[in-house]
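So the sequence shown is numbered by the working numbering: it starts at 966 and just counts up by one. Structure first, commentary second.
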Amino acid sequence: MTDTKTPGDKTLTVNPPKTLSLKRPVEQSTVRQSFSHGRTKQVVVEVKRRAAGHEVKEPVAPRAPQAPAPQAAPPRPAAPQPPQRPASSMLLRTLSDEEKDARQRALSEARSSEAEARRIAEDEARQRAAAAERERQEREAAAARQRQEEERRRQEDDQKRRVETAARQRDDQPARPASPPPAREDAPAPQAPAPQPTQYFGRPAPSGPREFTSRPPMRDTGARPPRLDSRPPRSDAPRTPRIDTTAPSEPAIARPVRQAPSANTTRNRSDDVDVKAAFRRPGLSAGAGRGPAPAAPKTPKTTNDKPRGRLTLSTATGSEDERTRSVASFRRRVQRMTGHRASDVQKERVMREVIIPETITIQELANRMTERGVDVIRLLMKQGAMHKITDVIDADTAQLIAEEMGHTVKRVAESDVEEGLFDTPDTDETLASRPAVVTIMGHVDHGKTSLLDAIRKTKVVTGEAGGITQHIGAYQVTTPLGTQVTFIDTPGHAAFTAMRARGAKVTDVVVLVVAADDGVMPQTAEAIHHAKAAGVPLIVAINKVDKADSNPDRVRAELLQYEIQVETLGGETLEVEVSAKTGHNLDKLLEAISLQAELLDLKANPDRAAEGTVIEAKLDRGRGPVATVLVQRGTLRTGDIIVAGAEWGRVRALIADTGAQVKEAPPSMPVEVLGFNGTPEAGDRVAVVESEARAREITDYRERQRRDRLAARGAASGAGRSLAEMMRELKEGAGRKEFPLVVKGDVQGSVEAIVGALEKVGNEEVRARVLSSGVGAITESDVTLAQASGAVVVGFNVRAHKEAREAADRAGVEIRYYNIIYNLMDDVKDAMSGLLAPTLRETMLGNATILEIFNVSKVGKIAGCRVTDGTIERGANVRLIRDNVVVHEGKLGQLKRFKDDAKEVVAGQECGMSFENYQDMRAGDVIECYRVEEIKRSL
């Protein structure tokens, strides 16, 4: 039995890798291994012996980098240890020829790759060495250039110093005749490393080494600066150090005196470096590097000959070197000597145009004038006003300050953001004809919408709730003559006064519709007043002439009361008898409108930014805020940034009255505009602006104005009143009841009309209070507000969201829906009438006279009476009258006939009566019996 399964198996195993080498003599033997549970295994063991002298014969020197033997020597494969063997039960066997060839190839490839890597490394090393050599050469060249530049600057500085020194010596000769210059033979040799105090007379620089002589007039940095005026300088030049001639001679290692920079030379860091290089290296002479000079003997270094660095407090106090004045100290000394004449020169002031708003802080005013804030405060203090720099001053005070400082002032106001927004004039060359805008007005149920439907061939009136118009509409119609006319339909109900006023403001012609069978009514008269206020021409359309009881002459006569004289009566007002039902004379009406439009010669500029008016606005759940806009000037296009009141937005879509989307809206065209960030107010003017920043600026200003008006209204209602007036109003309003309401409508005009009508309902005892009103569906916030104040939520042509309905059911809030304004007003009046106190009315029942008083124990006094007239009923109200004076009013407690309780006692009969909570009855008193009835009141 053997464990060998596949003797020729060549499967790759995970045996430990072996180092590739040449085949050496191998001795094989077999060993049987024993395991637990009686298992055994026979293993082949190979013993490799290395031949002596093989290591010595290899040429190590030339192949040292490529020899693999020194890097990874093959381990002696003695008997393998069991922990290092693989888990598989494969036998160790000899290598086949293919495996030997593969290992040989791998070994050769490894050697070749190693040689390639070594070659690459050598190339990189050579490149690095070449780069380092280039860098060294460049550094040496740069250092040489720097030395040449330093030498050139040093020569220039020496030349300047020689010229300046010669000039100063010529100036100082007359001032000091008694101080002769020292002899020239005292000058040291040019090879001296550090010259003694010498004087150098200005001569051209010799070609040889520099020549140093004693120079007592040379000024040190810390010496007195030259005078700036024309007076001769004081003779306080730095003195030359005294030389002790008796002392033994020492090596010339004296520290050189640092020369001060000339007045015309600006000191920089490069000069400091040059000076430091010239004076801090005692081993080099001053003229080193300028030509062949005799070698100077090196002087021994002292502890003080270290490089001079930056002059700081620590180096100035801690170093033992000679301290010299700094440039700042030199300048301060010059200023002290000249008396600060340079700083006393008045600097030239720049006059500016200062923009001053309505209010401005002192700091901002100073910044705009480029003045100091303390100067502004100083001027205010001269005027007697104490301010801080953060205080706010008004525009008048700021203008006085700015003008006093010599600046010009430009006053601006916060309302200037609206300048140029509307009513920019157009030239006659840019104007073009536009369609006429016609508003149809009149009393309710006089056939306004029916007449417009007959013209447009539509049936709008059939979709109106209750058969009346409750919304303002705008339509564009093409007449039989080919011209276009824009019609605006207004509601006729009394509550829609604001709608009719808006329609009259934006119109060119007003068509007054009057029913021939009804005549002039209150809303007809109101429409006449609106047309006169707007200053637009009027066309009277006498409708319903097809009815049997129609009387057009009556209408003409009633119009005379309002100063409307038609053409048939010799006036100037056009009139047309029409019938919306049969279409009678509709062409004549359109012809009259076209004739009136031609007389007006209506023109507008279509190539400018659009302007218009919001006719109606609503909040659509799917489309968001939607505004019906009548374009009056310019052309409104998709993508324009528009502003309407306190709302702005970018036009996302334009929808015509037919429901089709359009790209642009020319003048006199009504369109629905989508894209506002909020619902604008009906009647707001619309304008196109150039940027969103301008739109935000305008809307923010208008929002602040609206808040200020509301705050002022609230302050006016509570401020400026005396305590007595407040107490009287509190007393008067103590018994006044309120009916709280939350109103939500479909369009802004309807909400406005409903709120206006509700404010008029009520009396001194009860009134309606609208807590909140808005456009859109009823939301949870409306229900929450109604719950907190005990109000009723009213929805006009809108419905509540699902969440709002659930919240209303939980909170017990009543939500009522209406689509006709009549029903809404009637229900509100009925509900408010329930809050009124009922009217009490007394009904006399009868009288009785007390004959005798009986005292009954445990009961009290009983009055024996005889009924004189009427009847006496049990539980009725009674009055006790004594000597024609009422002494008691109360209720009848008991009524008995003999011993039995009686419900009533008629006249002529006797009975016994007792009062509730009253016992003071006397014989001869008269008892009056009556009944109180409550009558319900209504508004």
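From the three backbone atoms N, C-alpha and C, an ideal C-beta is built for every residue, glycine too. Remember, predicted model here, so these are calculated numbers, not experimental data.
Delimiting residues of the alpha helix (DSSP H) encompassing residue i
i     : result
F1387 : From DSSP, F1387 is part of no alpha helix (DSSP H); its letter is neither H nor E.
T1489 : P1487 to A1499
G1721 : Q1713 to K1725
V1793 : I1786 to S1798
S1903 : Segment: none, S1903 is in no alpha helix (DSSP H) and carries neither H nor E.
Q1328 : I1327 to M1334
L1560 : L1551 to L1565
One or two residues paired with residue i in a DSSP bridge
i     : result
G1877 : G1829 and K1861
I1663 : Partner(s): none; I1663 has no beta bridge.
A1545 : In DSSP, A1545 forms no bridge with anything.
Y1440 : F1452
V1821 : G1825
Q1626 : I1620
D1359 : T1324
Y1527 : Partner(s): none; Y1527 has no beta bridge.
Q1007 : R997
A1082 : According to DSSP, A1082 bridges with nothing at all.
N1607 : With the sequence shown as reference, residue 1607 is identified as Ile, and Asn is not the correct amino acid for it. DSSP lists G1614 and V1653 as partners of I1607.
N1842 : K1856 and Y1895
N1508 : A1480
Best match in the options for proximity to residue i [C-alpha to C-alpha]
i     : options                       : result
I1437 : E1384, I1342, K1583 and A1363 : K1583
K1906 : M1878, S1061 and V1871        : Nothing in the structure corresponds to residue 1906, since the chain is present only between 966 and 1904.
E1875 : E1329, L1860 and D1356        : L1860
V1009 : S994, L1789 and R1296         : S994
L1810 : A1647, R1844 and R1598        : R1844
I1780 : F1761, E1394, E1528 and D1791 : F1761
V1707 : L1601, E1730 and G1755        : G1755
L1567 : F1641, I1607 and T1451        : T1451
A1367 : Q1670, H1411 and L1330        : L1330
A1318 : I1325, T1326 and T1335        : The amino acid at residue 1318 is misidentified as Ala; the sequence shows Glu. Comparing Cα-Cα distances from E1318 to each of I1325, T1326 and T1335, the minimum goes to T1335.
G1500 : L1565, T1533, D1393 and T1455 : L1565
G1589 : P1645, S1798 and T1538        : P1645
P1502 : V1891, K1868, L1477 and G1587 : L1477
G1484 : V1299, T1448, Y1527 and R1465 : Y1527
F1704 : Y1783, Q1670, V1793 and D1673 : V1793
R1617 : R1101, T1623, S1078 and N1642 : N1642
L1805 : G1741, I1900, M1790 and N1332 : I1900
Close beta carbons around residue i, own chain, < 7 Å, minus the five adjacent residues each side
i     : result
A1621 : V1627 and V1636
M1797 : F1704, V1726, G1727, V1731, A1733 and L1904
S1559 : T1444, L1446 and T1448
V1310 : For V1310, the pLDDT reaches just 48, beneath the cut-off of 50, and the residue's location in the model is therefore unreliable, leaving the point undetermined.
R1902 : S1798, L1801, P1803 and T1804
Opening and closing residue of the beta strand (DSSP E) in which residue i lies
i     : result
E1898 : V1891 to I1900
V1292 : Not the beta strand (DSSP E): V1292 falls in the alpha helix (DSSP H), residues V1292 to T1303.
A1776 : Here A1776 belongs to no beta strand (DSSP E); instead the alpha helix (DSSP H) covers K1767 to A1776.
K1583 : E1576 to D1585
Q1752 : Premise fails: Q1752 lies in the alpha helix (DSSP H), E1745 to S1754, not in any beta strand (DSSP E).
L1801 : Note, L1801: premise wrong, no beta strand (DSSP E); not H, not E.
Cut-off 6 Å between Cβ atoms - residues of its own chain near residue i, not counting five sequence neighbours on either side
i     : result
M1486 : H1408
D1885 : none
R1887 : none
H1853 : L1845 and Y1883
A1751 : V1707, V1758 and V1778
T1231 : Low confidence applies here, because T1231 scores a pLDDT of 42, under 50, leaving its location unreliable; read the following figure in that light. Result list for T1231: empty, nothing under 6 Å.
Sequence-distant residues of its chain with Cβ nearer than 8 Å to residue i (five each side left out)
i     : result
R1701 : E1729, E1730, V1731 and R1732
T1603 : V1616, R1617, A1618, L1619, K1628 and E1629
Neighbour flag for residue i against chain B, beta carbons, 9 Å
i     : result
F1452 : Protein chain content of the structure displayed is limited to a single chain, and chain B is not contained in it.
Would you say the stretch 1466 to 1474 touches the stretch 1509 to 1518, given that touching needs at least three Cβ pairs under 8 Å? As far as the Cβ criterion goes, the stretch 1466 to 1474 does not touch the stretch 1509 to 1518, which means the pair count is below three.
Pair every Cβ in the stretch 1637 to 1652 with every Cβ in the stretch 1574 to 1588, then say whether three or more of these pairs are closer than 8 Å. yes
Across the stretch 1401 to 1421 and the stretch 1481 to 1500, are there enough close Cβ pairs to call them in contact, namely three or more that are closer than 8 Å? yes
How do the stretch 1715 to 1723 and the stretch 1756 to 1775 stand: do at least 3 beta-carbon pairs fall below 8 Å, yes or no? yes
Count Cβ pairs between the stretch 1338 to 1354 and the stretch 1381 to 1388 that sit closer than 8 Å; are there 3 or more? no
So does the stretch 1534 to 1547 actually touch the stretch 1587 to 1604, counting three or more Cβ pairs closer than 8 Å? no
If we count Cβ pairs, one from each stretch, closer than 8 Å, do we get three or more for the stretch 1542 to 1553 versus the stretch 1388 to 1398? No: the two stretches stay apart, fewer than three of their Cβ pairs being nearer than 8 Å.
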